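Everything on this sheet refers to the single structure shown next.
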Amino acid sequence: MEQNDEKLSMTRQDIEQHLQSALAAATPNVWPKLDLSVPQDKPESIPGVLRLEKRFRHWGAVAACICLIAAGGIYHYEYLQVVSVVGIDVNPSLRLSLNRREKVLKAEALNLDGETVLEKELKGKNLESALGQVVDSLVEKGYLREGLKEQAVLVSVSGKNEKKAEAVKAAAAANVEDAISQNQVSAVVYDQTIQVTKELEELAETYQVSVGKAGFIEQLVQENETLNQDARASYERMMSQSMEVIAQEINANAYAVNAKVNVIQVEPADEKSAALTQKDESSKEDSGKSPSLTENVRNEAEGTKKEEGKNNSTPETRQPETESYSDKEKLPADKEKGTDKEDEKEPEKEGAEKEDTQENTRDKDAGDDQVNKGTSNGQIKDSGKTDKQENGQMPEEEEFPVTEKDEQESLETKDLSKETGEATSSTVGAETESQEQEEKEDSGNKDSLEGEEEDFFVKYGQSVKDELWLGAKDSTDSAQELSEGDGPEDENTIAKIPENEPFLEKELEDDTSIEDRPEEDNSLEKEAESETFAENAAEGEAFVENRPEDSKTTAKIPEDKDVKEEITQSEDDIKRIPEHENTEGEASEDSDMVEKQPEGSVMAEEPPEDNDMAEELPEDNAVAEGQPEDSDTEKEKSEDEDAARKEPAGDDAVKEEFGEGRAEETLKLPADETVTAKEPVPGESAEGESGHQIIRVKVEKKVWKEPEEPVYASQLLGFSQSRLLCKGPGVFDFIIADPGTKDKEGKGPEDNQETLESDEAFVSEEDDEVLFPDTEENEETEDAVEEWEAEMGEWLHIGPGYHQ
Amino acid sequence: MVLLGALHFPDPPENPSSVDDALLQQVAQGDQDAFKQLYQLTDRSVYSFILSIVKNPQDAEEVMQETYMKVWTSASAYQAQGKPLAWIFTIARNLCYMKFRELKRQADIGFDDLDGAEQGEVCPQIEQAADKLVLKAALELLKEEERQIVLLKNSSGLKHREIAQALKLPLATVLSKYNRAMKKLEQYLREE
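Going down the list, the sequences are from chains A and B.
The opening position of the first sequence corresponds to residue 84 in my numbering, with each subsequent residue numbered one higher.
The opening position of the second sequence corresponds to residue 261 in my numbering, with each subsequent residue numbered one higher.
Rendered as structure tokens:
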């Protein structure tokens, strides 16, 4: 009941109070049961820290990536990016890619020669050491040689940044010059900066040369009218030439070089000083003989300088050798300017100049010849030297006569060859003549070389000697190689070449003048002489010396001339030549000869091609005229003359080649026609009927891009380098004619006599017999000619193959 | 009456609403005095809330102990939002649910059985029968939310606004449900 009452009585407030009291009583005291020792969690702070770290980790990774990329970019920018490209052209072409720190990133060879030079690893080296190594390698491989002053190195730098390129160019040029001088080598350094354009790249690609060389030649052609007249021909001719040849041509023709191109003549300081001291000593030691020689040399040097000053408007830096070349070339240029008629009118002067040039060439080539003929050679050398130095100093007439004699001799030999066969015989005769000439030269060299060499050396200086020596070596090497491959004919030729060297040596030893000079000088001179001879032959400069030798042999020539005249008349080309010879036979006809030569394709080509050559030819003709008289008296001399003729023939061929190459400049006649007209047989001689033969040797050769190879071939054949320098790829014909035979007839019988006398002294009958046994008898001569032809053909064929 | 008054309000119940974020932060830093103050302010409210869910004074006591231990250890995890009581109730609710899972695992006994078994034992510490009767009626008649509101309202003197804030319910809902719940109790107790 109480509950019900309570229930009924319970109001809302009662309920709330009961609930409150009940909950208050029911609520347990849990506090004592709580274990506050339990550590409290601190989750909030920890996860926050972790999040921050993670964020930093992400950012750190990103920053690290950025740093790596930046570092990589900087490294690439500084070290891996090709900023500038340095091109080096001698004949070997190299390309060095440099980074911003001027270290080599990549070294490439642009031709086969370049690969031989690039044997050592250049990557990673700095510019200085890399260029030093390249130059060392160039010297080691023989692309740059001691004693040769006409060598040229083209240093071209290209880069996006012009300032940087200029700086690199300056550094590269300085390094190259230092390296060259330290290697005791003299060379002309052309350094340029080029902007590589698509056109330039295409030009370089079409001619397979480096961009730097293409740019250099392009500028050269554009800035010189003579070259620009037929730009394409100029390109085709010059692109395949080595820088050495191009430099020679620049100096010779006084081409204007782009103002941006620095031309620096580098010469071995040590050698210069040493050479000067040696010369002084030698001059002092030499009693009376040497002093004159030294004086001559000095005179020559002065003369060359003077001539250069007169003739050359070419760049400032030119070596003395280059000067001589330039003079020669200039002379041809002058000749070109002057018409043939003018030449005829003033045969003596022009002839003298021509002769001088020829003589110079001959002297170089003929270094060997000189050796053969002491007195005559000496005269010739003197004349050549004097010509180079001062036309007025040395009696030009004397030189001419010598050349004339040589020409006559060559004509005679040619006549002999003509006897053997008409057209072919003429070619054969030319070959035989060349061989004979070589033989004669060799023999004569033995006798006369000594004195001549000495004189020559004295005149030209050691450098020339060195050059001659080198050339002789080359010739001997090539000859030996040819002989190995070829039959007995080759052996003959080979034998001739080696003979020349011994002669040189003997001469050097025997020559009192040499003795007078210090021993070292003598040896150097000997070597230099042989080298110079070879070089001269190669260059075509040496003809002068050869001619003198030829002049000695002139006595034989007249006989040969008769035979030759008969033979050659049958063939047109031959006829032309014989006509010239006939005219040459007439003293007054020399001018006619010159004229006729232009008429005859070959003849015409020759005079225009190289003034020197043309001059030489007329001179030789004159000699030939003089020779016939002398020839009777001096058979020995005639043998020498034959040898000389052979050489002149080489000159003619050279001329023709030049004409082809420089058709614009010198050759009016279509050289190609003449060449084509002639038989493709490796060696053919189309000789004039009279003693004045133009021996035309047609050689099928593949193009030589390397200068040395043509030199070898030329030496073997008795040609000058310039002649054999390759025009372009494929087979090309060149004619070897005896300049001596073609040269002026009337100029110098007297001179011829003098030369003959000197020749006689040097040339012995035995040598003649040995060298030209067949020439004495017509039948024998015919056989000999045939053999010669075969030999020559083999030689010619071998030469290119060997070079290849 | 004075005694009754003293019994009813032996500890003049401090309003649990006085519990603020600062007190919890002190607890989070390991201040046991602050934690004891927190306990004294909230023990009735927490127990009432737990009991309204569990409806068993024994389990409610266990859950209450676990709840305060959880508050002690996890005080640092509290993010100050001005509702510390709601945070504590959330912990208590989660622990109640965990308690239910344990009970279901441990025995097949149903809730109803438990209720019956517990009836005689309900709140043995409650001496007055009227209090027991009213409390039992409230736990049996009222729905869960109504129990929570009624018990919270009568346990610690929380205002409807504070109850609504703690239970995350609208104030109107709390008021309506409280009135409805009180009418139910009045009707039940009159019938009884």
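Idealized CB from N, CA, C, for every residue including glycine.
Note that the structure is predicted; figures quoted are calculated from it, not measured.
Taking 4 residues as the minimum length, the alpha helix (DSSP H) runs contained wholly in the segment 325-370 of chain B are 344-366, in order along the chain.
For Lys189(A), the enclosing beta strand (DSSP E) stretches over residues 187-192.
Around Pro111(A), the beta-carbon contacts reaching into chain B at under 9 Å are Asp303, Tyr307, Pro317, Ala320, Glu321, Met324, Gln325, Gln385.
At a cut-off of 9 Å between beta carbons, Asn414(B) contacts chain A. Ile171(A) has Leu177(A), Val238(A) as its beta-bridge partners, per DSSP. Identification of chain B residues near Glu99(A) by a Cβ-Cβ cut-off of 7 Å yields Asn414, ordered along the chain. Within the DSSP secondary-structure output, Asp274(A) pairs in a beta bridge with Val238(A), Asn345(A). Within the same chain, Pro175, Leu177, Ala192, Val217, Ser220, Leu221, Lys224, Tyr226 come within 8 Å of Val200(A) by CB-CB distance, once the 5 residues on both sides are set aside. Per the coordinates, the alpha-carbon of Glu204(A) lies some 11 Å from the alpha-carbon of Glu198(A).
From the beta-carbon of Asp291(B), no residue of chain A is found nearer than 9 Å; the closest lies around 10 Å away.
Counting C-beta atoms within 10 angstroms of its own C-beta, Thr276(A) has 16 or more neighbours from the protein chains shown and is therefore classed as buried. Neighbours of Trp332(B) in chain A, taken as residues at a C-beta separation under 8 Å, are given in chain order as Leu117, Leu119, Val121, Gln123. When DSSP reads this structure, Asn244(A) sits in no beta bridge, so it has no partner. Using a CB distance cut-off of 9 Å, Trp142(A) does not count as an interface residue toward chain B. In the DSSP secondary-structure assignment, Asn209(A) is bridged to Lys186(A).
At a Cβ-Cβ threshold of 9 Å, Thr110(A) and Arg361(B) do not count as neighbours. For Leu363(B), no Cβ of chain A is located within less than 9 Å of the residue's own Cβ. In the pairwise beta carbon analysis, the segment 383-395 of chain B is classified as touching the segment 92-106 of chain A: at least three pairs are separated by under 8 Å. For Glu446(B), the chain A residues whose C-beta falls within less than 8 Å of its own C-beta are Met93, Thr94, Arg95, Ile98, listed in chain order. Within the same chain, Cβ atoms closer than 8 Å to the Cβ of Tyr299(B) are found at Tyr328, the five residues on either side in sequence being excluded. Boundaries of the alpha helix (DSSP H) around Asn311(A): 308-311.
For Asp391(B), the nearest beta carbon of chain A is closer than 9 Å to its own beta carbon. Contact between the segment 313-320 of chain B and the segment 343-360 of chain B is present, with at least three C-beta pairs closer than 8 Å. Distance between Leu395(B) and Leu284(B), taken at the CA atoms: about 31 Å. When C-beta distances to chain A are compared with 9 Å, the residues of the segment 405-437 of chain B below that value are Val410, Leu411, Lys413, Asn414, Ser415, Ser416, Gly417, in chain order. Buried is the label assigned to Asn336(A), since at least 16 other Cβ atoms lie within 10 Å of its Cβ. In the displayed model, Val340(A) falls within coil according to three-state DSSP, outside both helix and strand. Taking each of Trp332(B), Asn439(B), Gln297(B), Gln366(B) in turn and checking the Cα distance to Asn414(B), the smallest one comes out for Asn439(B). Boundaries for Ile386(B): no alpha helix (DSSP H) harbours it, and the DSSP string shows neither H nor E there. Contact between Ile313(B) and Glu404(B) holds: CB atoms are separated by about 7 Å, below the 8 Å threshold. Among the residues facing chain A, Gln341(B) is not included, as its CB has no counterpart in that chain under 9 Å away.
The three-state secondary structure of Arg320(A), taken from DSSP, is helix. Of the candidates Gln297(B), Gln292(B), Ala426(B), Gln341(B), the residue whose Cα lies closest to the Cα of Thr333(B) is Gln292(B). By the 16-neighbour rule on beta-carbons within 10 angstroms, Cys148(A) is exposed.
The Cβ atoms of Gln234(A) and Met326(A) lie closer than 9 Å to each other.
Our two residues, Gln289(B) and Leu355(B), have alpha carbons roughly 24 Å apart in a direct line.
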